[in-house]
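*Asks:* Take the position in the sequence shown, starting the count at 1, then add 651; the result is the number in the working numbering. One structure coming up, written as structure tokens, with questions to follow.
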Amino acid sequence: MSHHPTPPTLGRHLVRGAILFGVLVLSALSLSACRRSNAAPTGSRTKGVAFPRIVQVNGSAQIDVAPDVVDVSIRLSLTRPTPKAAMEELERRKGKLLESLQAASVQRKEVQLGQITLSPDYERYPSHKLRGFRAQLEVSVCLSKFERLTAVMQAAANANAAAMGTRFRSTKMQPTKVRARILAVKAARKKADQLASSLGVRLGRVVTIRETQASNWGRLSLANEYVRPTATTKPLQPGAIAVSLSVYVEFEIL
Numbered sequence: 652m653s654h655h656p657t658p659p660t661l662g663r664h665l666v667r668g669a670i671l672f673g674v675l676v677l678s679a680l681s682l683s684a685c686r687r688s689n690a691a692p693t694g695s696r697t698k699g700v701a702f703p704r705i706v707q708v709n710g711s712a713q714i715d716v717a718p719d720v721v722d723v724s725i726r727l728s729l730t731r732p733t734p735k736a737a738m739e740e741l742e743r744r745k746g747k748l749l750e751s752l753q754a755a756s757v758q759r760k761e762v763q764l765g766q767i768t769l770s771p772d773y774e775r776y777p778s779h780k781l782r783g784f785r786a787q788l789e790v791s792v793c794l795s796k797f798e799r800l801t802a803v804m805q806a807a808a809n810a811n812a813a814a815m816g817t818r819f820r821s822t823k824m825q826p827t828k829v830r831a832r833i834l835a836v837k838a839a840r841k842k843a844d845q846l847a848s849s850l851g852v853r854l855g856r857v858v859t860i861r862e863t864q865a866s867n868w869g870r871l872s873l874a875n876e877y878v879r880p881t882a883t884t885k886p887l888q889p890g891a892i893a894v895s896l897s898v899y900v901e902f903e904i905l
């Protein structure tokens, strides 16, 4: 025969259960708070750590180089009803172009044959009908004497070239970049020395150094930029190539 607790007894059981549940909840909250207080906050700076004192500077340099070679690009382009006819005609025009260049005293080693492309040629909207196949060939001629440029362009025109273009460049770019890099580093060091001297501190070791391409935008703000003296009093000569370099340097402050 089962015995049911009387209402007063039932009430006491409920009160004891509620008290026990509350104690467990408070214990869990206290433990969680302790763990959070002991953990280091994310993104905070550790106390007692001395961060290095540094000075940040930029240095730029520009050197003007006269071009000593010119690349002449020549494009042969034609359309024929079939791929075979297009390639045969392209080969014929290539031979004619090489003969014309040879007649203009262009040596074979100065000529470089580029990529040959063959693609279908369609009429414009709305018909989009196939008109034939277009064959193209890119040819490059490198000249060290600029006075020969006119004869080469005329030879390309005699071979029915579809387009021609020129690009002047210098074969001394690499040593010029080395010189510009040295001047840019010197400009950065000079600026850092001026800042340190003005503030009464001494510079230590180099912490960071990074090379970037100098920009022509906002050049008036580059107070530490090195420019060749001859380039500051007159504009660049036609065809001159400007080699610009910039460095970013961080020095430790002692």
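For each residue, glycine too, the CB sits at the ideal point set by N, CA and C. Quick caveat: nothing in here was measured; it's all calculated off a predicted structure.
Can you name the residues that DSSP bridges to Lys898?
*Replies:* Stepping through the sequence shown from its first residue, residue 898 is reached at position 247. Residue 898 is actually Val in this sequence, not Lys. Gly710, Glu862, per the DSSP bridge assignment.
*Asks:* Under a three-way DSSP split, which group does Glu789 fall into?
*Replies:* The residue you call residue 789 lines up with position 138 of the sequence shown. Of the three classes helix, strand and coil, the one that applies to Glu789 here is strand, per DSSP.
*Asks:* Specify, as a first and last residue, the run of the alpha helix (DSSP H) that Thr733 falls within.
*Replies:* Translated into the one-based positions of the sequence shown, residue 733 becomes position 82. Note, Thr733: premise wrong, no alpha helix (DSSP H); not H, not E.
*Asks:* For Gln707, collect the residues of the same chain with a Cβ closer than 7 Å to its Cβ; drop the 5 residues on either side in sequence, then sort them by chain order.
*Replies:* By 1-based counting over the sequence shown, the position of residue 707 is 56. Glu901, listed in sequence order.
*Asks:* I'd like to know whether the C-beta atoms of Arg785 and Leu729 end up nearer to each other than 9 Å.
*Replies:* Residue mapping note: residue 785 aligns to position 134 of the sequence shown, counting from 1. Residue mapping note: residue 729 aligns to position 78 of the sequence shown, counting from 1. Closer than 9 Å, so yes.
*Asks:* Tell me the start and end of each unbroken beta strand (DSSP E) in the stretch 740 to 796 that is at least 3 residues and wholly inside, in chain order.
*Replies:* Taking only runs of at least 3 residues, the beta strand (DSSP E) segments lying wholly in the stretch 740 to 796 are 762 to 773, 781 to 794.
*Asks:* Restricting to Cα atoms, I'd like to know which of Ser848, Leu896, Ser895 is closest to Leu905.
*Replies:* Residue mapping note: residue 905 aligns to position 254 of the sequence shown, counting from 1. Put simply, of Ser848, Leu896, Ser895 the residue whose alpha carbon is nearest the alpha carbon of Leu905 is Ser848.
*Asks:* Identify the residues that DSSP records as bridge partners of Thr724: which are they?
*Replies:* Locating residue 724 in the sequence shown gives position 73, counting from the first residue. Reading off the sequence, residue 724 comes out as Ser, not Thr. Partner(s): Ser791, Gly816.
*Asks:* Taking just the CA atoms, how far does Val803 sit from Arg759?
*Replies:* For the purposes of this step, residue 759 is taken as residue 108 along the sequence shown, with counting starting at 1. For the purposes of this step, residue 803 is taken as residue 152 along the sequence shown, with counting starting at 1. In this model, Arg759 and Val803 are separated by some 13 Å (Cα to Cα).
*Asks:* Taking all protein chains shown into account, decide if Ser751 is buried (16 or more other Cβ within 10 angstroms of its Cβ) or exposed.
*Replies:* For the purposes of this step, residue 751 is identified with residue 100 of the sequence shown, where counting begins at 1. With a 10 Å radius around the Cβ and a threshold of 16 neighbouring Cβ atoms, Ser751 comes out buried.
*Asks:* In this structure, how does DSSP classify Ala893 when only helix, strand and coil are distinguished?
*Replies:* Stepping through the sequence shown from its first residue, residue 893 is reached at position 242. It is a strand residue.
*Asks:* Suppose you measure from the CA of Glu789 to the CA of Gln763; what does that come to, to the nearest Å?
*Replies:* Counted from its first residue, the sequence shown places residue 789 at position 138. Counted from its first residue, the sequence shown places residue 763 at position 112. Spanning the two alpha carbons is a distance of roughly 9 Å.
*Asks:* If you run the structure through DSSP and keep just helix, strand and coil, what is Asp715?
*Replies:* Taking the sequence shown and counting its residues from 1, the one referred to as residue 715 is at position 64. Correct three-state label for Asp715: strand.
*Asks:* What does DSSP give as the partner residue(s) for Glu903 in the beta ladder?
*Replies:* Within the sequence shown, residue 903 is the residue found at index 252, counting from 1. Looking at the DSSP assignment, Glu903 forms a beta bridge with Ile705.
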